[in-house]
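Converting from the sequence shown to our numbering requires adding 9 to each position, the first position being numbered 1. Glycine included, each C-beta is placed from N, C-alpha and C at the ideal position. A quick write-up on the structure given underneath.
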Amino acid sequence: MAALLCALCLVLATSLVPCRAGHSARALQEGMLYPRESPSRELKELSGIWSFRADWSQQRDAGFAEQWYKQPLRQSGPVMDMPVPASFNEITQDPRLRGYVGWVWYEKEVLPPGRWLRKEDGTRVVLRMGSVHYYAIVWVNGVQVTEHEGGHLPFEAEISRLLQDAPGKPCRITIVVNNTLSPHTLPPGTIQYMDDDSMYPKGYFVQNTRFDFFNYAGIHRPVLLYTTPPAYIDDITVTTGVDGNVGLIRYLVSIRGSAHYSLNLTLHDADGVTVATGDGPDGQLKVPNPILWWPYLMHERPGYLYSLKVTLSATVDGRVSEDSYTQPVGIRTIRVVDTQFLINGKPFYFHGVNKHEDSDIRGKGLDWPLVLKDFNLLRWLGANSFRTSHYPYAEEIMELCDAYGIVVIDECPAVGMKDSKNFGNKSLQHHLVVMEELIRRDKNRPSVVMWSVANEPASDLRPAGYYCRTVIGHTKSVDPTRPVTYVSNANYARDQGAPYVDVICVNSYFSWYHDPGHLEVIRLQLSTRLDNWYDTHRKPIIQSEYGADTIAGFHADPPLMFSEEYQSALLKEYHAVLDQKRKKYVIGELIWNFADFMTEQGTTRVLGNKKGIFTRQRQPKASAFVLKERYWKLANESSCLTPAKYDDVCLP
Ligand code: GCB
10 MAALLCALCL
20 VLATSLVPCR
30 AGHSARALQE
40 GMLYPRESPS
50 RELKELSGIW
60 SFRADWSQQR
70 DAGFAEQWYK
80 QPLRQSGPVM
90 DMPVPASFNE
100 ITQDPRLRGY
110 VGWVWYEKEV
120 LPPGRWLRKE
130 DGTRVVLRMG
140 SVHYYAIVWV
150 NGVQVTEHEG
160 GHLPFEAEIS
170 RLLQDAPGKP
180 CRITIVVNNT
190 LSPHTLPPGT
200 IQYMDDDSMY
210 PKGYFVQNTR
220 FDFFNYAGIH
230 RPVLLYTTPP
240 AYIDDITVTT
250 GVDGNVGLIR
260 YLVSIRGSAH
270 YSLNLTLHDA
280 DGVTVATGDG
290 PDGQLKVPNP
300 ILWWPYLMHE
310 RPGYLYSLKV
320 TLSATVDGRV
330 SEDSYTQPVG
340 IRTIRVVDTQ
350 FLINGKPFYF
360 HGVNKHEDSD
370 IRGKGLDWPL
380 VLKDFNLLRW
390 LGANSFRTSH
400 YPYAEEIMEL
410 CDAYGIVVID
420 ECPAVGMKDS
430 KNFGNKSLQH
440 HLVVMEELIR
450 RDKNRPSVVM
460 WSVANEPASD
470 LRPAGYYCRT
480 VIGHTKSVDP
490 TRPVTYVSNA
500 NYARDQGAPY
510 VDVICVNSYF
520 SWYHDPGHLE
530 VIRLQLSTRL
540 DNWYDTHRKP
550 IIQSEYGADT
560 IAGFHADPPL
570 MFSEEYQSAL
580 LKEYHAVLDQ
590 KRKKYVIGEL
600 IWNFADFMTE
610 QGTTRVLGNK
620 KGIFTRQRQP
630 KASAFVLKER
640 YWKLANESSC
650 LTPAKYDDVC
660 LP
């Protein structure tokens, strides 16, 4: 089966896998500020119902051959309604669409306000996609405006000219999406053709992956239009420090559209009081006696944010063009010193969770009720942190982490890299671009305290050493302010990448995948494993995953696997060891997993992975209460709240 791909490479296409041709690298020359309204900027969200059509042709290439983007999608054949944002997989009753692999087409018509289109104003209209999984090509009124590889990071295109050319007419946005994974995508996957015609129909293939979550696909995060003036604030980079009792904010602002401009910066505290001012595209603001950005439960005002208002006044073709953008800023420091992870100079212990962007109908689509429910559960639990296992989460979620003081280990989508093919140059080059895109998006977020460049890569393979060194080195060169890690399940002595990380993150599943049913071996095995890692590398360690599948409502005493009692008992055995090791070098523990989530079907998964301490519907299993008691106890050891309870800090 031949098929489809990046339009530019269509001629060469020989597989289902999109061609990349380095298109995403170009985008990095520009900023990717989170769209915010201001007196000079308007937003128009395009969430809602879109037209949708999967390409069922044998080669999955009819849409390109027949140029479905040239006219309204309904004229190409039957379309259905599809919500955006959402994964397309769980919406219909068609089992073939749930497991569909290949190109699907989305379309929306939108009428932009007339004031955006006056040529003399020079207003820029930008089309921004928060996340489309995995590969996307975008047309406006039949003209290709951008394409992007990678399912978890934003991309955009300026479309002003195309809109001005059709004033008063609806603008037709067509997005084609391909969820095919290859050995060089992040995450990787393979297409396997089943050639035995006594067993499979002609052309039958499956997509194989080696990661443990369902490869939901579609337009997962909001699509929106936003405007800027012709000269505009393209990017802002903020880094913070503390000198005695003065907070330092270093800033770098990049301007596009004019070389003749002046820039003013005003920093307001949370009450709107001006606390510092500056001018010019780079400089430093000083904030006397700042309220620092503290993690949840470490301070009575966690997640304290200042507002940095950047105001641009420029001339374009002899006319004044003014822009403003307000960037939230949390003043905080991070340092890894010996076996400590210091936030604002105080040792920080990660007591948190691993999550997934997963819900039963929306798949990985941004789901506001779910997002808010999860933050309430995190706070109820006394969790101060999470890892974005195993891909960058929505910016809307990151905004709340900043505001609530939830600390984030920000992970890129390098998961399931188990084959030496995943460590070649092609994968590496893409991996570097993904890290750049991730840093560009999240660099100003105080909640992000560490980058994770991968989850459980086969880091004991020979090429993994060079690969990890290069990705970690590149990440540090793009962002020298944050530590870098990746999450390992390799043998401590054979792991090739551990020498390059700042913090060692290790996963283990004692008494689950190893010695199933034998809770009595956990203490010895975990203690030995952690000591081996520490003795070899002398770096702080996070127990970045541990847990047990548990079907809510299954009970067994004495505890048996899959029962709620077993999960609770397993956690307690881990905690006994972690309590010893955190006196020495363990700086955190993240349960696997916050909630049950969907996976591919298989004999070890019961409608998905059941290691959640909450069900997929967010009801607690017994283990949630075990963890809640522990996390509040841990919080009270390091907090300045004495002693904190959920009701004190979370209820009005
Ligand atoms: C792991 C993976 C995670 C899986 C988990 C499990 O080590 O990092 O993605 O879901 O184990 O439950 O098997």
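| Asked | Found |
| --- | --- |
| Could you check what DSSP says for Arg-259 in three-state terms: helix, strand or coil? | strand |
| Look up Gln-626 in the DSSP assignment and give the residues it is bridged to. | None; Gln-626 has no bridge partner. |
| Just confirm the distance between the C-beta atoms of Val-319 and Ile-242, as a whole number of angstroms; I'd bet it's less than 8 Å. | 6 Å |
| For the ligand GCB, is there any heavy atom lying closer than 6 Å to the beta carbon of Glu-331? | no |
| Hey, is Lys-620 close to the ligand GCB, as in C-beta under 6 Å from one of its heavy atoms? | yes |
| What separation, rounded to the nearest whole angstrom, lies between the Cα atoms of Gly-663 and Ser-267? | Given a span of 10 to 661 for the chain in the structure shown, any question on residue 663 remains unanswerable. |
| How many Å lie between Gly-131 and Pro-238 at the Cα? | 7 Å |
| Measuring CA to CA, which of Asn-273, Leu-274, Tyr-313 is closest to Asp-280? | Tyr-313 |
| Which residues in the same chain have their Cβ closer than 8 Å to the Cβ of Phe-623, if we skip the five residues on either side of it in sequence? | Leu-386, Phe-603, Ala-604, Asp-605, Pro-629, Lys-630, Ala-633 |
| Give me the Cα-Cα distance between Tyr-655 and Ile-406, rounded to the nearest whole angstrom. | 21 Å |
| From this set, His-277, Gly-354, Asp-70, which residue's C-alpha is nearest Met-307's C-alpha? | Gly-354 |
| Rounding to the nearest angstrom, what Cα-Cα distance links Gly-151 and Trp-460 in this structure? | 39 Å |
| Could you round the C-beta distance between Asp-411 and Ser-456 to whole angstroms and report it? I think they count as a contact, below 8 Å. | 5 Å |
| Could you say if the region 63-70 and the region 103-111 meet the contact criterion of at least three C-beta pairs nearer than 8 Å? | yes |
| Is it buried or exposed, Trp-377, if we count other Cβ atoms within 10 angstroms and call 16 or more buried? | exposed |
| Tell me the residue span of the beta strand (DSSP E) that contains Lys-435. | Looking at the DSSP string, Lys-435 is not in any beta strand (DSSP E); the run it does join, the alpha helix (DSSP H), is 434-451. |
| I need the DSSP call for Ile-531, collapsed to helix, strand or coil. | helix |
| Please report the residue range of the alpha helix (DSSP H) in which Phe-350 lies. | No alpha helix (DSSP H) contains Phe-350, which is instead part of the beta strand (DSSP E) from 349-352. |
| Could you check how far apart the C-beta atoms of Pro-549 and Val-345 are, in whole angstroms? I think they sit under 8 Å. | 7 Å |
| Using the C-alpha atoms, what's the distance from Gln-610 back to Ser-572? | 21 Å |
| Confirm the yes/no value for this check: CB of Glu-598, any heavy atom of the ligand GCB, distance under 6 Å. | no |
| Is any heavy atom of the ligand GCB found at a distance shorter than 6 Å from the C-beta of Asn-217? | no |
| Looking at the structure shown, is Asn-254 part of a helix, part of a strand, or coil, going by DSSP? | coil |
| If you count every other CB in all the chains shown that lies within 10 Å of the CB of Tyr-522, and 16 or more means buried, which is it? | exposed |
| Determine contact between the region 336-350 and the region 430-446, defined as no fewer than three beta-carbon pairs at a distance below 8 Å. | no |
| Measuring only the C-alpha atoms, how far is Glu-54 from Leu-274? | 28 Å |
| Thinking C-alpha only, which one of Pro-337, Ile-100, Ser-468 is nearest Pro-44? | Pro-337 |
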